[in-house]
Amino acid sequence: MKALGIFNLSMMFLFAWCSLSEDEYKSDTWQYDFVLWWSYAKFPLATFVLASTLTTWLFIFFNRDRFQLKGKRVEVENTPFKVYYGTQTGNAKYFSEIFKEYAESNGIKTSVINMKNCEPEEVLLEETDSNSLCVFIISTYMGGSPPESATWFCTYLKEASDDFRVQKNLLKGLKYTVFGLGNSLYEDHYNTVAISLDKWLHKLYANKVFPLGLGDENVSRKEKGTISDDFTTWMKTLVLEYQKSQCFTVENKTIGEKKVEEEKKYESESEDESTAGSGGGGCKSTSGTSGIIDVEDIGKVINNQNQDEYDESFVGEKTAPVNREMVTPLLKKSLEKQGYKIIGSHSGVKICRWTKSMMRGRGGCYKHTFYGIESHRCMETTPSLACANKCVFCWRHHTNPVGTEWKWAMDDPNIIVEKAMENHYKMIKQFKGVPGVKLDRFQEAMDIQHCALSLVGEPIMYPEINKLINLLHGKKISTFLVTNAQFPDAIKQLKPVTQLYVSVDAATKESLKRIDRPLFRDYWQRFLDSLSALSEKGQRTVYRLTLVKAFNTEEIESYAKLVSLGQPGFIEVKGVTYCGESKASSLTMENIPWHEEVVSFVKTLAESLPDYELASEHEHSNCVLLCHKRFKINNKWHTWIDYAKYHELIKAYEDSNGKKTFSDMDYLAPTPEWAVFGDDRKGFDPNESRWHRKKKKDISGC
């Protein structure tokens, strides 16, 4: 690079010198001959100089991260703490910044480095000659794999530690500690990556100077606090010990809010391992003459913290309540940023984009087309933000908590309904006087008629779900409840709702695990039992299929077999919604099927289901409705709901203590022609006004 620069400068000098005319020299001199030659050669050489200069700058531009990284290396060379993080959704980065802020507030210079920007072999070998302490903060992603940003970093360490050709004391002198972010509900993969990273570093003779920390995202733990509490306690202890001595070593013990049972001790690669593993830093102690702090009982440090040494508010609760709140401060902040209004400790409400659309007279959602709801009078809420799955296509950015049973503090259903309606009306009032909002629609929106219990999470996990449903029905609010087919007993015990959905995201055991990423080990049997329980409900039931290209669009025959289990009245087939890039999901626009592809899938599926036909479609939502033929009366579809009739039936049911039952055929209404499949309007209500974005096509559909 330097040689090229010198050459270019030389060429510039020649250009300046030879810009003189040959007339300046006598014809028999070498200067004259050279200038004459130059008059022919200068244009090719000028082209070469410009091209090489441009190539040099382009090379620097496209490799700027590499040059910046090398520049920063000098800056952080003598940094006491170097925090390397590997993250998928941003949590590890967040905690790394917290660590930096806290350490520097205690006078310890700290740098934060993304593993994605590191060449592990180069960086780790440099750290063997450094006095810095490397703090690795890393999460465990789907199936126990490292986050995408740290995949190569972890792959290198694993291969190096297992490769007999690699020198076993490769990382001798590197001082490190590890903190993992995981969820103990995923028992098979709880903090797998952090534990493995610790093992790989140890096998390569790196010097672990502080115990492995394990953060647990499972907020239902009774004995400890949140993952933030886990981290801050571990962090404060580490910083305190560092302040006592610049170099120390400990035994292989684990600090964290959940200890890993029967953690395997690392196999010694040589008889001299204990010698190699200690004292590698060569730094001087500030608190003693030995240079090493005696931390024989390091595992008890957390429980025996000196209140004078630690700020109580930073450590967290010493004695946790019997049942913790589901929504942690960090989770609440994340959800509120996404537009949720949090109710109590485990519920939420959010205004739907179709509510806003219909207030402007621009069209309603697919439920308006399929079932006749008034989209601007629909409230979307949930009594449980927790879920038993982490679906790859979840548009909630995987910020909701997970769980297999209710272990949290529980709010009263009356308060949930009251606060949900109150917050919904507050959000509606924000549209008063907004250009384009119709006054009559705004006034109607202030009278909720429908409730979609499908906002996020798993509503039937809430132990008082039946009371909550009764409260909504008592206010003449229809109920559309969605379950993720992992709680068959809850489905059986559920009281009648206006329409009950079961998400059928895949048709085989393997693809269901890949798409829904369930917590339950017996997820497939629970899935099948949930579908079977649906057939016994008697009211309107729906299978909801979400198509994801390259995931579940080739399982038509298997889907047809599942229909026989639940015998739903309706089957909604919807193309997966693209809501932009998600750090927790690898889905792109390539996974989004076109409406024509969804229609083609449904037509093929219908060929395997003789009792079902295509009844309706909503092109804007990329959604198609298959309907049981019993809803086709006198050759006319009756997919809409007679809501007034439903409220009469449900009141009679409650007044008779459940003795006066009813079926899905008792509250149906005819489907208008514009909503029937095959109509040119493709599910768009002619009473609404079509509206198209001027700059780009609306592909959200959320």
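Residue numbers (this note's numbering): 1469 to 2170. Just so it is clear, CB atoms sit at the ideal spot from N, CA and C, and this is done for glycine as well.
A contact between stretches requires three or more CB pairs, one per stretch, nearer than 8 Å, and the segment 1986 to 1994 fails this requirement with the segment 1963 to 1971.
Within its own chain, the residues whose Cβ lies closer than 7 Å to the Cβ of I2118, once the five positions on either side in sequence are excluded, are H1941, P1964, listed in chain order. Counting along the chain, the unbroken alpha helix (DSSP H) around C1622 starts and ends at 1619 to 1630.
Look at K1900 here: in three-state DSSP terms it is coil, with no helix or strand label. No Cβ-Cβ contact shorter than 9 Å links P1956 with S1922. Less than 9 Å separates the beta-carbon of V1970 from that of T2009. Counting C-beta pairs with one atom in each stretch, the segment 1700 to 1713 and the segment 1648 to 1668 have fewer than three that are closer than 8 Å, which means they do not touch.
The Cβ atoms of K1550 and S1507 lie no closer than 9 Å to each other.
As the crow flies, the alpha-carbon of N2125 is around 20 Å from that of N1882. Counting the other Cβ atoms within 10 Å of the Cβ of P2154 gives fewer than 16, which makes it exposed. Distance from the CA atom of F1988 to the CA atom of D1973, rounded to whole angstroms, is 16 Å.
With respect to the C-alpha of P1797, the residue from K1835, F1632, I1528, G1693 having the closest C-alpha is G1693.
Where S1607 is concerned, the enclosing beta strand (DSSP E) starts and stops at 1601 to 1607. Secondary-structure assignment with DSSP links W2062 through no beta bridge to anything.
Between E1587 and the set I1933, G2151, G1612, Y1624, the nearest pair of CA atoms involves Y1624. Under the DSSP assignment, G1942 falls in the alpha helix (DSSP H) whose first and last residues are 1933 to 1942. In the three-state DSSP reduction, R1792 falls in the strand class (E or B). According to DSSP, K1809 shares a beta bridge with V1817. Assignment of beta-bridge partners to N1675 by DSSP yields K1643.
Here the C-alpha atom of Y1552 lies approximately 16 Å from the C-alpha atom of L1639.
Straight-line measurement puts the Cα of E2085 at about 25 Å from the Cα of T1849.
Close CB contacts of N1559 within its chain, under the 7 Å cut and outside five residues either way in sequence, are with S1607, L1649 (chain order). Taken atom to atom, the span from the alpha-carbon of Q2007 to that of M1847 is near 21 Å. Judged by beta-carbon spacing, L2077 lies beyond the 9 Å limit of H2106, meaning their Cβ atoms are not closer than that value. N1857 counts as buried, since no fewer than 16 other beta carbons sit within 10 angstroms of its beta carbon. Distance check between E1685 and each of L2073, G1871, V2144, T1555 places G1871 closest, using alpha-carbon atoms only. In the same chain as L1592, and ignoring 5 residues on each side of it, the C-beta atoms closer than 7 Å to its own belong to L1639, L1642, in chain order. In the DSSP assignment, V1707 falls outside any beta strand (DSSP E) and lies within the alpha helix (DSSP H) extending over 1695 to 1712. Under the DSSP definition of a beta bridge, W2108 partners with A2137. With respect to the 9 Å criterion, E2081 and K2100 are classified as neighbours on the basis of their beta carbons. The secondary-structure analysis by DSSP pairs S1922 with nothing; it has no beta-bridge partner.
Judged by DSSP in its simplified three-state form, N1952 adopts coil rather than helix or strand.
Residue burial annotation: R2098 is exposed, with fewer than 16 other C-beta atoms found within 10 angstroms of its C-beta. The C-beta separation of T1555 from S1617 comes to about 6 Å, placing the pair in contact by the 8 Å criterion. Boundaries around L2013 are those of the beta strand (DSSP E), 2009 to 2015, since no alpha helix (DSSP H) includes it. Two segments are said to touch when three or more pairs of C-beta atoms, one from each, lie closer than 8 Å; by this definition the segment 1947 to 1954 touches the segment 1918 to 1935.
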